[in-house]
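Worksheet for the structure shown next.
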Amino acid sequence: MYEKIKGLIQTYGAVNVAVQALEKSRKPVRCILKNAAAEQEITVTEEEALEVSDSDDIIKPAEPDRQISVIFIIHRFFPDSCGGTEQFTQNLALELKKRKHKAAVCAYSEYECRWYNSRSGGILWREGKIDEIPVFYFRREKPKLNPIKDIEPEGGDYADFVKMLEGRFKPDVFHFTHLSRVSGLAQYCRQKRIPYVVTITDFFALCHYSVYMHRDGQFCSGSHEGRVCTEECVCFTVHQAGRYERSREILKAALAVA
243 MYEKIKGLIQ TYGAVNVAVQ ALEKSRKPVR CILKNAAAEQ EITVTEEEAL
293 EVSDSDDIIK PAEPDRQISV IFIIHRFFPD SCGGTEQFTQ NLALELKKRK
343 HKAAVCAYSE YECRWYNSRS GGILWREGKI DEIPVFYFRR EKPKLNPIKD
393 IEPEGGDYAD FVKMLEGRFK PDVFHFTHLS RVSGLAQYCR QKRIPYVVTI
443 TDFFALCHYS VYMHRDGQFC SGSHEGRVCT EECVCFTVHQ AGRYERSREI
493 LKAALAVA
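Positions 243 to 500 (the numbering used here) are the ones given, in order, by the sequence shown.
Take a look at the structure:
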């Protein structure tokens, strides 16, 4: 337990770990409504859903005989976390491998600094394998404020890490299956015009708690560019209006959003 806590503090900083603990100690979100009459109709506009254009920003299919290379970026991965997004990402990587393409996974992790054996600029990383798929567990050497719930404004400190990945795999595209913890890497790809796609596996792009529900269990009818988040679901370290716009920028610049 001590090693785990030490790793969390080194990864996110003592203040942020304390804030996260305080937020988790608050009354949890109730996922079951009290009765059917309490249900609300969810009305999400195109603007609210952060939709991207479906006309030009579509990935062209690869030539049938050409091997493609995809690097999947995820907020956490096996064996540290075993949720649905993790399994979804693993299945995609395995399917690519089955079809004779190249795939690798990059997962943010929470180990102590000494666990990592490689460094690219300010990013610490260690390579492993799961089901013969290369997995790069990485983290920042120096923590940033609340990467768990926020959408970062930039990610210049990922430059050397991305250069390493490009040298190793020559990826055709980066595929983000979640943005929590790795939004800085997505911002770097956006700013440098590196091809990437995003799969929306939960509500994180719109909701810092990812569930799109108020804390009393009622469905959220929309963040309204962060205003409702500020009033209903306080997060001590996130400025909601800026978060919404940064999320919008990342999704708008993606080759595709699914």
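Backbone N, C-alpha and C fix where the C-beta goes; we use that ideal spot for every residue, glycine too. Predicted model only: the values in this text are computed from it and were never measured.
Do you know offhand how far Ala496's Cα is from Phe314's?
-> 14 Å
For Leu336 and Val312, believed in contact at Cβ under 8 Å, the rounded distance | Contact flag wrong, Cβ pair sits at about 12 Å.
Kindly identify the DSSP beta-bridge partner or partners of Ala349.
-> Ile316, Tyr379
Within this structure, are the beta carbons of Arg423 and Pro389 separated by less than 8 Å?
-> yes
Would a C-beta distance cut-off of 8 Å place Gly370 and Glu383 closer than the cut-off?
-> no
Ile372 beta carbon less than 8 Å from that of Phe320 = yes
Starting from the Cα of Met406, find the closest Cα among Glu396, Ala346, Leu448 and give me that residue.
-> Ala346
Just list the alpha helix (DSSP H) runs in the stretch 378-412, keeping only unbroken ones of 4 residues or longer that don't cross its boundaries, in chain order.
-> 401-411
In angstroms, rounded to a whole number, what distance separates the CA positions of Phe418 and Asp458?
-> 31 Å
Quick one: is Phe416 buried, meaning 16 or more other Cβ sit within 10 Å of its Cβ, or exposed?
-> buried
In whole angstroms, what is the alpha-carbon distance linking Phe378 and Ser351?
-> 9 Å
Compare the Cα-Cα distances from Glu396 to each of Gly409, Glu473, Tyr430 and report the closest residue.
-> Tyr430
Count the other CB atoms, across all protein chains shown, that sit within 10 Å of the CB of Val476; report buried if there are 16 or more and exposed otherwise.
-> exposed
One or two residues paired with Ile372 in a DSSP bridge | Ile375
Grab me the residues of Val439's own chain with a C-beta within less than 8 Å of its C-beta, minus the 5 sequence neighbours each way, in chain order.
-> Ile301, Val415, Phe416, His417, Phe418, Ala496, Leu497, Ala498, Val499, Ala500
So which of Ile310, Thr327, Ile316 has the shortest CA-CA distance to Arg341?
-> Ile310
Taking Thr327 and His420 to be in contact with their CB atoms under 8 Å, please state how far apart those CB atoms are, rounded to whole angstroms.
-> 5 Å
Through-space distance from His317 to Gly325, alpha-carbon basis | 11 Å
From the DSSP output, in three-state form, read off Lys344 for me.
-> strand
Separation of Asp307 from Leu427, as counted between CA atoms = 30 Å
Apply the 10 Å Cβ neighbour rule to Glu394 and answer buried if 16 or more other Cβ atoms are within range, or exposed otherwise.
-> buried
Count the other CB atoms, across all protein chains shown, that sit within 10 Å of the CB of Gln252; report buried if there are 16 or more and exposed otherwise.
-> buried
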